[in-house]
Amino acid sequence: MDAPVQYGEQVRALALYLYGGQFLSKDRTAQAMSELFGIRLSAGTIVAIQARAIATLEKAFLPLLRDLLTRADVLGADETGLRVEGKLHWVHCARTDRLTLVTIHPRRGRLGITAADVLPAFTGTPVHDCWAAYDVFLSADHQLCCAHVVRELVAVAEREDPAAWCWATQAIEALVDLQRLAADARAAGLGAIHLATSADGRHRLRSAVQAGISQTAARATKAMRTENNLADRLASREADYLRFLTDLAVPADNNGSERDIRMVKLRQKISGCLRSLAGARHFCALRSYLSTARKNDLGMLDALARLTAGRPWLPETSPTLTATA
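Take the sequence shown: its letters are residues 1 to 325, numbered as in full-length UniProt numbering.
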């Protein structure tokens with residue numbers, strides 16, 4: 001047959017499922033389509049199928065997604081590295097329990113975050129680690145990730161004599177107890193924790209941090225300077241670490257964001273780095289769509305079938321606007 005062939009919606013959805021959903025390379029996707037379904041697709045055709053799908057997402061889905069994230073009450077944010085064209089780029093994530101946006105940019109900091117076009121207009125509570133670039137966006141109260149700071153405290157405790165008292169160990173225990181209080185209050189349907197209920201945990205955390213500041217004040221070694229900076233941050237930003245106590249809709253950690261961008265490392269392990277920035281942007285746009293659909297109980301193949309039919313699934317305009325851990 002010499003005439004051009006028009007592939008149907010299901011064929012295009014299957015190709016996208018393998019290529020964008022299961023992280024196969026375009027060559028392996030073409031091989032899988034041939035061996036599994038007897039459908040011969042070139043690598044170029046697979047790239048064209050994805051480009052057409054992304055053009056559809058850019059018309060309605062991505063603008064709506066950004067608008068919903070901007071209006072969320074609580075938002076998780078994180079970033080991770082991905083090699084594109086042999087150079088390190090940064091995948092930025094903005095998410096709630098119902099929405100996921102991942103974007104890519106050559107820069108990790110303010111420029112990359114701004115380019116994602118969510119945080120600059122966001123006025124809710126962002127949840128993130130202590131990466132300083134997030135502090136540029138001061139229109140909101142922040143929640144710093146407790147899981148991240150606990151890992152830093154564990155590193156301090158592991159350098160100390162296990163038989164001796166350690167300020168970092170007490171700080172860890174206080175943070176864990178406060179998070180347990182929040183979880184219990186949330187399960188009971190409360191909106192916040194009474195100050196008296198959390199007073200003991202707060203006191204233990206503050207006394208541990210002050211001990212850490214005093215013990216490392218000399219800053220004589222690199223390890224001592226690192227510990228002093230950590231203790232000082234816990235003291236100066238206590239409100240940002242403990243915001244989850246005064247608003248139980250705010251999670252204590254940013255584990256949800258870390259889960260939502262874990263697929264970047266998985267994709268890199270399966271198929272290596274991406275060869276073009278345009279391809280990386282297409283990858284991120286498709287992952288935003290598939291992750292958001294999954295969070296709203298829509299299967300990957302069903303979501304892709306709607307997309308290749310030119311009628312992409314769209315999230316509700318008033319979803320649950322929180323960022324669960």
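For glycine and all other residues, C-beta sits at the position ideal for the given N, C-alpha and C. A quick note: this is a predicted structure, and the numbers were derived from the prediction, not measured.
Length of the line joining the Cα atoms of residue i and residue j
i           : j           : result
residue 284 : residue 102 : 5 Å
residue 119 : residue 137 : 7 Å
residue 212 : residue 147 : 19 Å
residue 121 : residue 163 : 50 Å
residue 241 : residue 143 : 6 Å
residue 31  : residue 299 : 24 Å
residue 109 : residue 273 : 21 Å
residue 68  : residue 289 : 14 Å
residue 168 : residue 222 : 17 Å
residue 24  : residue 278 : 17 Å
Simplified DSSP assignment, three categories, for residue i
i           : result
residue 78  : strand
residue 314 : coil
residue 18  : helix
residue 95  : strand
residue 90  : strand
residue 101 : strand
residue 159 : coil
residue 237 : coil
residue 83  : strand
Beta-carbon gap between residue i and residue j smaller than 9 Å
i           : j           : result
residue 29  : residue 15  : yes
residue 198 : residue 178 : yes
residue 291 : residue 71  : no
residue 77  : residue 89  : no
residue 245 : residue 193 : yes
Residue burial classification, residue i (beta-carbon count within 10 angstroms, cutoff 16)
i           : result
residue 307 : buried
residue 79  : buried
residue 276 : exposed
residue 316 : exposed
residue 26  : buried
residue 126 : buried
residue 217 : exposed
residue 37  : exposed
For residue j and residue i, believed in contact at Cβ under 8 Å, the rounded distance
i           : j           : result
residue 182 : residue 248 : 6 Å
residue 130 : residue 233 : 7 Å
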